[in-house]
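**Student:** Residue numbers (the numbering used here): 28 to 347.
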Amino acid sequence: MASVNRLSDLPEGLICEILSRLEIQEAVQTCVLSKKWTRMWTQIPRINLNYNSFDFLESFQLFLLGLFTHYDAAANLHSLTFVAEDESCSIDYEETDHRLVETIIDYATVNQVKHLSIDCYLISKHLKLPPQLLACLCDLRLEYFSIEFPKPFVSDSLGSIYLNSIYIKNDIELRCGNLQSFTMIDCNVSKFTEFVIHAPKLVKLRIQCEWLDETSKEMMLSVSAPRLEFMWFEFYYVSIINISVDRCPTLKSAWLDIYQDLTIEHTEDVHQEQKRAKHLVKFLKDVSDVRSLTVSASTMKIKDLVQSLLVSFHHITKRL
């Protein structure tokens, strides 16, 4: 009885789906299995690039050149992932690295990918996202590097944005008609004073950032999201934060944590203290209809100024 090659008998679409779940260099190696598989990898819908799987920078550069040269442009690339966060890797993390990331961003732009994920360690040079890329993306995930966003940041296709440990170099004016989830974790926003979010379909919003700036500049955060259900704000080392939230009738939960290092002696005048308290009171009024409000213990240091407002909320929880 002749042997049956069940793997090769699978539909090409299913084989491409299986290959797309591998790192791209592993998918390329399948070309030696048979003639049928020779160019199968050039048609996979997702490319997963792992910088750390290569011993030398030059070998990664050559592989990247061959990959982008031979990949089928008509294959409708759906997702592009680039990982290079391991600082123990033997690859050099200096100037060449930013050119590689820029090449990947350019390739994603030309091929109009829907999902882009970049996880690398690069803070010496800030990168830019082309407006053409934002116009076609549905999902954006960026981690551990420095970036300059276009202003305004406009996209009618983006549904999800995730930023982790990003150094943001400019003010942000976010205008995304279909955005449903926006997450910013451990991001440094020392260089900007204004953050505007206009997202009519936004449901989940989480902003956790630090402002390592010794000046007394005021940071303004303006949110317009009528369908918002979950709101989470954490600000560290911010001098003065002015949060403005348009009416959110569907808001279920709000969390606020403003932290300052109390071990450092502050020389603020009374006017600055009153201004901070005034902005906080205004924010609490903006979200007074929320079902559940959590205000951290560090934020409640001005509790005497907001005591009259707390009785109007449905649920108040102090995080100790």
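Beta carbons are placed, not taken as given, at the ideal position from N, Cα and C, and that holds for glycine. Only a predicted model underlies this, so the values are computations on that prediction, with no experimental measurement involved.
If I follow the unbroken beta strand (DSSP E) through E237, where does it start and stop?
**Tutor:** 231–237
**Student:** Hey, N75 and E39 are a contact pair by Cβ (cut 8 Å); roughly how many whole angstroms apart?
**Tutor:** With 8 Å as the limit, N75 and E39 do not qualify as a contact, their Cβ atoms being about 19 Å apart.
**Student:** For the putative contact between L206 and K228, defined by C-beta atoms under 8 Å, what is the C-beta separation to the nearest angstrom?
**Tutor:** 6 Å
**Student:** With DSSP as the reference, label D36 as helix, strand or coil.
**Tutor:** DSSP, read as helix, strand or coil, puts D36 in coil.
**Student:** I'd like to check one pair, F81 with F95: are the Cβ atoms closer than 8 Å?
**Tutor:** no
**Student:** Who are the near neighbours of Y98 in its chain, counting only those whose CB is closer than 7 Å to its CB and skipping five residues on each side?
**Tutor:** T69
**Student:** For the beta strand (DSSP E) that contains E245, what are its first and last residues?
**Tutor:** 245–251
**Student:** So, with DSSP's three-state summary, where would you put R168?
**Tutor:** Collapsing the DSSP output to three states places R168 in a strand.
**Student:** Starting from the C-beta of S325, find all residues in its chain whose C-beta is less than 6 Å away, skip the five residues before and the five after it, and write them out in chain order.
**Tutor:** Y286
**Student:** Classify S430: buried if its beta carbon has 16 or more other beta carbons within 10 angstroms, exposed otherwise.
**Tutor:** This structure leaves residue 430 out entirely; the chain is present only between 28 and 347.
**Student:** Between which residues of its own chain and G186 is the CB-CB distance below 8 Å, once the five residues before and five after are set aside?
**Tutor:** C165, D166, N205, L206, Q207, S208
**Student:** Do you know how far the Cα of F260 is from the Cα of F83?
**Tutor:** 41 Å
**Student:** With distance defined between alpha-carbon atoms, name the residue in I234, D213, T277, I131 nearest to A252.
**Tutor:** When each option's Cα is compared against that of A252, the closest is T277.
**Student:** Please report the residue range of the alpha helix (DSSP H) in which D90 lies.
**Tutor:** It is Phe, not Asp, that sits at residue 90 in the sequence shown. Its alpha helix (DSSP H) spans residues 84–97.
**Student:** Does the beta-carbon of T108 have 16 or more other beta-carbons within 10 angstroms, so that it is buried, or is it exposed?
**Tutor:** buried
**Student:** Can you find the residues in the same chain that come closer than 6 Å, C-beta to C-beta, to L156, ignoring five residues on each side of it along the sequence?
**Tutor:** none
**Student:** Could you have a look at L104 and say whether DSSP puts it in helix, strand or coil?
**Tutor:** In this structure, L104 counts as coil in the three-state DSSP scheme.
**Student:** Buried or exposed for L149, please, with buried defined as at least 16 other CB atoms from any protein chain shown within 10 angstroms of its CB.
**Tutor:** buried
**Student:** In chain order, what residues of the same chain lie with their CB nearer than 6 Å to the CB of Y189, ignoring the 5 residues before and after it?
**Tutor:** R168, T210
**Student:** Leaving out five residues before and five after A281 in sequence, what residues of the same chain have Cβ atoms less than 6 Å from its Cβ?
**Tutor:** M258, V314, V317, L320
**Student:** If we count the other Cβ atoms within 10 Å of its Cβ and call it buried at 16 or more, is V272 buried or exposed?
**Tutor:** buried
**Student:** Note down the Cα distance separating A162 from K62, rounded to an integer number of angstroms.
**Tutor:** About 38 Å.
**Student:** In three-state terms, what does DSSP make of C58?
**Tutor:** Here C58 sits in helix by DSSP.
**Student:** Per DSSP, S182 forms a beta bridge with which residues?
**Tutor:** Paired residues: C203.
**Student:** Over the uninterrupted beta strand (DSSP E) stretch that includes L156, give me the two end residues.
**Tutor:** Run containing L156: none; DSSP gives neither H nor E here.
**Student:** In the DSSP assignment, the beta strand (DSSP E) including R73 goes from what residue to what residue?
**Tutor:** 73–77
**Student:** Just to confirm, is the Cβ distance from I174 to K196 under 8 Å?
**Tutor:** yes
**Student:** Secondary structure at S325, three-state DSSP: helix, strand or coil?
**Tutor:** coil
**Student:** What is the DSSP secondary structure of S80, counted as helix, strand or coil?
**Tutor:** helix
**Student:** What residue range does the beta strand (DSSP E) around I193 cover?
**Tutor:** Note, I193: premise wrong, no beta strand (DSSP E); not H, not E.
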